[in-house]
Ligand code: NDP
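Numbering (the working numbering), first residue to last: 228 to 544.
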């Protein structure tokens with residue numbers, strides 16, 4: 228097959244934040260021979276070679292007989308893999324830049340710094356018109372623990388480490404990261420939590436991680452610790468978080484994701500003075516960053532080479 232042939236084919240797009248036009252403009256530059264079809268305008272399903280999708284309806288991807296590659300726009304795969312008819316035999320990849328997601332890194336850093344400098348406590352003082360100063364340890368005396376050492380977790384760990392925090396990660400398999408301690412597997416979870424003052428959750432949502440932040444695990448954190456969940460809401464048992472905040476064991480939490488999204492108006496999480504809620508805006512997938520990764524994977528697939536960000540469907544991430 229010539230290189231020119233590698234540039235052909237039909238890519239189906241079901242976009243998220245940016246309109247299809249933004250993606251089409253990127254692919255026109257990167258792979259001029261590639262045809263783009265919008266998900267709700269596809270006429271001949273048998274002509275679609277590749278699909279780049281955000282949250283398609285269940286069952287929908289099962290009906291493209293010539294599909295060779297599925298690329299998920301969201302970094303989290305829970306929606307796709309919860310689809311009982313998801314075609315698990317087709318390679319599934321993600322489109323994050325392999326060096327990390329800069330928006331997630333900045334969001335992780337922002338909230339680590341907020342918890343480190345106790346801004347939630349100062350917001351409460353301000354609401355009561357109180358001028359209090361709290362003891363403030365330096366970053367070198369604050370231990371940050373990151374659950375998940377994948378593309379997002381590793382980049383966040385490196386950025387946070389440059390501010391002088393003592394950083395550790397927890398993952399399934401041990402990691403070797405410069406000046407960052409690595410803990411792995413269930414056996415080391417409680418040790419990792421016991422050395423963590425600010426816990427940042429960047430795990431994927433899988434059968435194993437669902438509800439992993441519960442009263443038993445969070446009780447291993449030292450008194451006064453805080454929690455930042457930027458991964459998926461179902462990893463955290465929200466009623467257990469409230470219990471531990473109300474007993475004072477935890478000092479605060481940031482939740483960019485919640486069990487039910489949008490968070491119901493009646494949820495007690497909204498009103499809790501020690502909880503900061505944001506509506507799942509940690510990162511926005513941009514065509515300019517993601518299209519080159521997708522184009523590279525299409526080329527690799529057609530050349531029979533290993534794909535970037537290939538998902539292990541059996542593990543769920
Ligand atoms: P990756 O798939 O690259 O990494 C996942 C990490 O989690 C790996 O280090 C893996 O361990 C670890 N892990 C998985 N299962 C377990 C387990 N059972 N026990 C211990 N560790 C485990 O994911 P990303 O870093 O790209 O993203 C992480 C998550 O962040 C996404 O799944 C998504 O839900 C969320 N996210 C949220 C966004 C937002 O806007 N709020 C935006 C982007 C991502 P190992 O390395 O050993 O395999």
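We put the CB at the ideal spot given by N, CA and C, even for glycine.
CB-CB length for residue i against residue j, believed under 8 Å
i	j	result
residue 519	residue 257	6 Å
residue 361	residue 348	6 Å
residue 373	residue 427	5 Å
residue 429	residue 379	5 Å
residue 238	residue 277	5 Å
Residue i CB to nearest heavy atom of the ligand NDP below 8 Å
i	result
residue 431	yes
residue 378	yes
residue 411	yes
residue 323	yes
residue 399	yes
residue 453	no
residue 436	yes
residue 306	no
residue 328	yes
residue 447	no
residue 301	yes
residue 372	no
residue 470	no
residue 338	no
residue 458	yes
residue 276	no
residue 507	yes
residue 375	yes
residue 484	yes
Residue span of the alpha helix (DSSP H) that contains residue i, given as start and end
i	result
residue 529	514 to 530
residue 380	378 to 388
residue 349	346 to 354
residue 248	247 to 257
residue 334	329 to 343
residue 443	442 to 445
residue 542	First-last for residue 542: undefined, no H or E at that position.
Residue span of the beta strand (DSSP E) that contains residue i, given as start and end
i	result
residue 536	Taken as a continuous stretch (DSSP letters only), residue 536 belongs to no beta strand (DSSP E), as it is neither H nor E.
residue 241	236 to 241
residue 319	319 to 321
residue 477	477 to 482
residue 494	That residue, residue 494, is in no beta strand (DSSP E); it is neither H nor E in DSSP.
residue 393	393 to 398
residue 421	Run containing residue 421: none in the beta strand (DSSP E); it sits in the alpha helix (DSSP H), 416 to 421.
residue 304	Where residue 304 is concerned, there is no enclosing beta strand (DSSP E), given that its DSSP letter is neither H nor E.
residue 466	Here residue 466 belongs to no beta strand (DSSP E); instead the alpha helix (DSSP H) covers 465 to 473.
residue 372	370 to 374
residue 280	277 to 280
residue 411	408 to 411
Heavy atom of the ligand NAD within 8 Å of residue i beta-carbon
i	result
residue 544	The ligand NAD is not among the ligands present in this structure, which contains only the ligand NDP.
Exercise. Touching or not, the stretch 499 to 513 and the stretch 241 to 250, by the rule of three or more beta carbon pairs under 8 Å?
Worked result: yes
Exercise. For the 8 Å Cβ check, are there 3 or more pairs between the stretch 361 to 377 and the stretch 480 to 496?
Worked result: no
Exercise. Per the contact definition of three or more C-beta pairs closer than 8 Å, is the stretch 314 to 334 in contact with the stretch 285 to 302?
Worked result: yes
Problem set entry | Inter-stretch contact at 8 Å, needing at least 3 Cβ pairs: the stretch 441 to 459 / the stretch 391 to 398 | no
Exercise. If we count Cβ pairs, one from each stretch, closer than 8 Å, do we get three or more for the stretch 463 to 473 versus the stretch 411 to 423?
Worked result: no
For this session: Decide if the stretch 302 to 311 is in contact with the stretch 320 to 334; the criterion is three or more beta carbon pairs, one per stretch, under 8 Å apart.
Result: yes
For this session: Report yes or no: do three or more beta-carbon pairs, one from the stretch 433 to 444 and one from the stretch 486 to 497, lie closer than 8 Å?
Result: no
Exercise. For the stretch 245 to 253 against the stretch 263 to 272, are there 3 or more C-beta pairs whose distance is under 8 Å?
Worked result: yes
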